[in-house]
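S.K.:
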Amino acid sequence: MVTAYLTQVQLGQEPVANLERAIAAYTEAATICRQLGLERYLASNLNQLGNAYGNQAELGQEPVANLERAIAAYNEAATISRQLGLERDLATTLTNLSTANLNQAGLGQEPVANLEQAITACTEAATIRRQLGLESDLAGTLTNLGNAYSLQAELGQEPVANLERAITNHNEATTIRRQPGLERDLAQTLTNLGAAYSTQAQLGQEPVANLERAIAAYTEATTIRRQPGLERDLASTLTNLGVAYHTQAELGQEPVANLERAIATYTEATTILRQPGLERDLAGTLTNLGAAYSTQAQLGQEPVANLERAIANYREALSFLNPALLPADTLRTGRNLGNLGFRQGWWDIALEGYTVAVEAVEQSRAWATSEALRQEIVRKSIGVYENLIQAAVNQGDLSLALRTVERSRSKRLADLIAVGDLYADGRVPPEIQAWYQQVKESRQIQSQLRQNPLDQPGFTQKPQPYPIGNTRASFATEQLQAAEAAERQAWDALYRFDAITAQLQQPQPQPRLDELTALLPSPQTALLSFYTTATHTHIFVLRRPAQDGGEGVNCHTIPNPPESANDLQNWLVVNWVIPYIAINQAETPQSRQQRRHEWHQAMATRLQELATRLQFDTLIQQHLQGITELILIPHLFLHQIPFDLLPTAQGQLLGDRFRLQFVPSTKILGLCRERSQPTPDTLGIVENTTEDLPYTPLECEWVAQTWNVPRQRRLQGRTVTPDSYLQLLKQVQALLSSHHATSRADDPLNSHLVLAEEQKVTLRDLLSPLWRFPELSEVFLSCCETGLSFATSRDEEGNLRRELLDEPLSLGTGFLLGGARAVISSHWAVADLATALFSREYHRARRAGEERLTALHQARQALRETCQKDWRDRLTADYQQAYQTWQQLRQTKDPNVNAAGANYQKIGELIKWLDEFASDAVPFQDYRYWGAFYCLGLP
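Quick note on numbering: the sequence shown equals residues 29 to 967 in this note's numbering.
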């Protein structure tokens, strides 16, 4: 009966149903054999059962699950055959087992482990078949073994050595199969051998010689496959042969002649593949054919005609491809077509190719099974977005250029904010909570390894002689790298397990221009979207459309010098980023202080040069007349720039001419807008968590008085824990967080807010589903570097990476993703005293009803313009109030009397310090004291 079912399957009669019947019969037979102790028959049955499961997998029926069942059946059969000494049967079962392992690896199921198991099984089977003289069967096993080694090489596992092993096994198999009657098998092995030689050539191993060997193997295989019934196999080998010829040409080996050979083989392959069901193979070969024609044109061979042929082949290939179904194939073909148009300056052709390529990238991201893979897909495709944007600008389609820019940027952050909003109700799966517990335990281990933070570089136990110099920064130590790596592994496991990412399995559509324009709250608001390519810096300007109905998009473009690719970003890295990072790399507090001073001293000159490079005065004159508010979306290292301080004509700063609001992308701005907008009436405070910032308690007391914050909503000193911090966030609509923080250039996701006893709140925490605070309106991060984001900027040769991702990973964006509508963040390490005064002025303006941007501007103006006499008058009034409060608490024996006395004393010390200045002096006039803070999110 089983034989009948399998015969029906071979005839194509209801293959799935008949295989299910065969599986049921084999399963029943195996049960009977076990009951009767018929071990030999059981092993045979299990082998056949494994084959049936494998066939079901090949038909697409639960391939992973059916292959697992096949592997289980084969393993049991192999165990029995070993015990009974049935070596021939054992070799057969082991070869079948290796095939199942190879197929599982091909499906991405633990590929390295499955390939190792396949190699082990094949090696044992080959040993048996040699001993028994089973040469024909041995050749099949050797072919499987060669394929397993080749796949290991593709996974980066000792690629050169594994390819050598693959070649050795394929060569031995071809020797055996050169017997009459084995031609078809010989052709397959020769094709595999050719592929191994080609891969060796790609790895730089004797490329010319190995390609010649590949060509010889493919050529022999094509000769065999020119038999009736082998057309599809012939087309596959011809395509591989064409690739080998094309590669030889690219290596300078008879380029014109080899390209002609490649074109001839590709053309023959396409003729064969023009039949129903082979459209995907046809599209791949047409793409190869287009590439060959394009290369011929570049060599000066009939350039016009060959380019036309290339375009025709790419277009025909795309007609068979759907980015939603075959994104990788579509990306390759679309990119080839786009690149051709871009090289020739045929912008319509470039847009045609790159547009479909971008759709393919979006689909690939949606299908990616891990966070790392999603990032890698975008990283490898940045050039497609960049060229599409440049082509659109050159074509004059500024709407498409801007929409593509906004589609390309901050994709990871947009994903994370969407996931966070899905978890806003607090219903987090228990599996995810378990992973967080593991992270927590890892942190406890780290705490035991850490030194006292006051002993680390960058900390001073005693206040600086001048209070302005006491910064709110902390730095990691090298000794903790191993412990932090262990924590990162736990986070990676968490992200892989997070089922909520299934919500992101749809590609993000191209935003419409009217959707972007809707983000502008008034006709006086403009959006500036920065984008730098290797050759240009573009500033896209979006305003509400004019009354004549024209689009409100303009582009201010600055070309890079011809000799300097990525000129602007390179300049930022060299002149802004590296000098800042170098501050914290200094070995002594004195040298750190000196470097910080030098960095601030150079700021005005660097900002002036940046404004000149960006031609900002021209931008304002041509595109920003009548505008009073700007929404800025920087790109890459422009995120680190305090645009408020950028000088413009007539000696005004940009922040004096416009209200400035910053967002990572229009997508994230839209997500923030979609949230409800709670009134920030209930404010919480987290203050001085390490109890070493002298003016932070005074700042927090001022803000608490302004907002009538009760003691139960003030987390103070060393009692603050990550759990209590999170609980406070969920209880308030606004938060002042005033203490140490640090941004990690070496590990951005480990940037963190510093709590007591080496506890911390990291950016990883803020990006995680457990840290969700849907009612939070705003956060004022009165800390160092909370708006500072870093990216891995250099490759091993020290050049700026071309594939940099525009992901401003900072603590500020972490709070934005967690639920806040706006975050006040800092660009650099800020001074304790100046920040306390800045915070006081900001919160008083907010309490008076001012918007965030207005409150920020007023706080800046207060510090940069208020003279010593006015500060003294204000603080004297505070001093008197603080004294009265202290006296009242003394009389009532309030437990907070000591804190009140300390605040009273600290104000007195501050007044005494101010007496060192002349009455008309402006103590905080310098940029460093008021220029670091900016508004991220809603205004």
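Idealized CB from N, CA, C, for every residue including glycine.
Look at residue 702 and residue 762 and say whether their C-beta atoms are less than 9 Å apart.
M.R.: no
S.K.: By alpha-carbon positions, which one of 866, 667, 809 ends up nearest to residue 816?
M.R.: Nearest option by C-alpha distance: 667.
S.K.: Taking C-beta to C-beta, are residue 949 and residue 889 nearer than 9 Å?
M.R.: no
S.K.: Give me, in chain order, the residues of the same chain whose beta-carbon lies closer than 7 Å to that of residue 842; leave out the 5 immediate sequence neighbours on both sides.
M.R.: 791, 794, 795
S.K.: Take every Cβ of the segment 849–864, pair it with every Cβ of the segment 719–739, and state whether three or more of those distances are shorter than 8 Å.
M.R.: yes
S.K.: Report all residues from its chain with a CB closer than 6 Å to the CB of residue 887; omit the five preceding and five following residues, and keep chain order.
M.R.: 866, 869, 870
S.K.: With residue 738 and residue 803 assumed to form a contact (beta carbons below 8 Å), what rounded beta-carbon distance in angstroms separates them?
M.R.: Actually they are not in contact, since the Cβ atoms of residue 738 and residue 803 sit about 18 Å apart, beyond 8 Å.
S.K.: Spell out the partners DSSP gives residue 587 in its beta bridges.
M.R.: As computed with DSSP, residue 587 is found in a beta bridge with 564.
S.K.: Can you tell me whether DSSP reads residue 947 as helix, strand or coil?
M.R.: Per DSSP, reduced to three states, the secondary structure at residue 947 is coil, with no helix or strand assignment.
S.K.: Are the beta-carbon atoms belonging to residue 152 and residue 118 less than 9 Å from one another?
M.R.: yes
S.K.: Buried or exposed, going by whether 16 or more other CB atoms sit within 10 Å of the CB of residue 315?
M.R.: buried
S.K.: Going straight from the alpha carbon of residue 679 to that of residue 561, what length do you get?
M.R.: 30 Å
S.K.: Could you tell me if residue 602 is buried or exposed, where buried requires 16 or more neighbouring beta carbons within 10 angstroms of its beta carbon?
M.R.: exposed
S.K.: Under three-state DSSP, which class holds residue 669?
M.R.: Of the three classes helix, strand and coil, the one that applies to residue 669 here is coil, per DSSP.
S.K.: Between the beta-carbon of residue 813 and the beta-carbon of residue 779, is there less than 9 Å?
M.R.: Judged by their CB atoms, residue 813 and residue 779 are nearer to each other than the 9 Å cut-off.
S.K.: In three-state DSSP terms, what is residue 574?
M.R.: coil
S.K.: Provide the residue span of the beta strand (DSSP E) that contains residue 934, from first to last.
M.R.: That residue, residue 934, is in no beta strand (DSSP E); its alpha helix (DSSP H) goes 925–942.
S.K.: Which residues share a DSSP beta bridge with residue 962?
M.R.: 853
S.K.: What's the gap between the Cα of residue 254 and the Cα of residue 263?
M.R.: 10 Å
S.K.: Which one or two residues does DSSP pair with residue 809 in a beta bridge?
M.R.: 765
S.K.: For residue 846, which residues does DSSP report across the bridge?
M.R.: Answer is none; residue 846 lacks a bridge partner.
S.K.: Which same chain residues end up closer than 6 Å to residue 286 when comparing Cβ atoms and leaving out the 5 residues on each side of it in sequence?
M.R.: 273, 276, 277
S.K.: Can you tell me the Cβ-Cβ gap for residue 121 and residue 75, rounded? I've got them flagged as a contact below 8 Å.
M.R.: 5 Å
S.K.: How big is the Cα-Cα spacing for residue 507 and residue 797?
M.R.: In this predicted model, residue 507 has a pLDDT of only 43, less than 50, meaning its place in the structure is not dependable enough to derive any value.
S.K.: Alpha carbon to alpha carbon, how far is residue 875 from residue 349?
M.R.: 59 Å
S.K.: Tell me, please, whether the segment 328–342 touches the segment 367–375 by the rule of three or more beta-carbon pairs shorter than 8 Å.
M.R.: Touching, yes.
S.K.: Count the C-beta pairs between the segment 685–693 and the segment 640–657 that are closer than 8 Å, then say yes if the count reaches three, no if not.
M.R.: yes
S.K.: Out of 748, 881, 163, which one is the CA nearest neighbour of residue 851?
M.R.: 881
S.K.: In this structure, how does DSSP classify residue 748 when only helix, strand and coil are distinguished?
M.R.: coil
S.K.: Can you tell which of 126, 636, 116 has the C-alpha that lies nearest to the C-alpha of residue 96?
M.R.: 126
S.K.: In this structure, how does DSSP classify residue 342 when only helix, strand and coil are distinguished?
M.R.: helix
S.K.: Which residues in the same chain as residue 675 place their Cβ atom closer than 7 Å to its Cβ, once the five residues preceding and following it in sequence are excluded?
M.R.: Taken in chain order, the residues that qualify are 635, 636, 639, 681.
S.K.: Compare the Cα-Cα distances from residue 217 to each of 194, 296, 93, 744 and report the closest residue.
M.R.: 194
S.K.: Can you list, in chain order, the residues of its chain with a C-beta nearer than 6 Å to that of residue 167? Leave out the 5 residues immediately preceding and following it.
M.R.: 201, 204, 205
S.K.: Residues in its own chain within less than 6 Å of residue 490 by CB, not counting five upstream and five downstream?
M.R.: Any reading at residue 490 must be qualified, since the residue scores a pLDDT of 22, below 50, and its modelled position is unreliable; the value itself is stated next. Around residue 490: no qualifying Cβ.
S.K.: Which complete beta strand (DSSP E) runs does the segment 668–735 hold, if anything under 3 residues is left out?
M.R.: You should have 687–690, 711–715.
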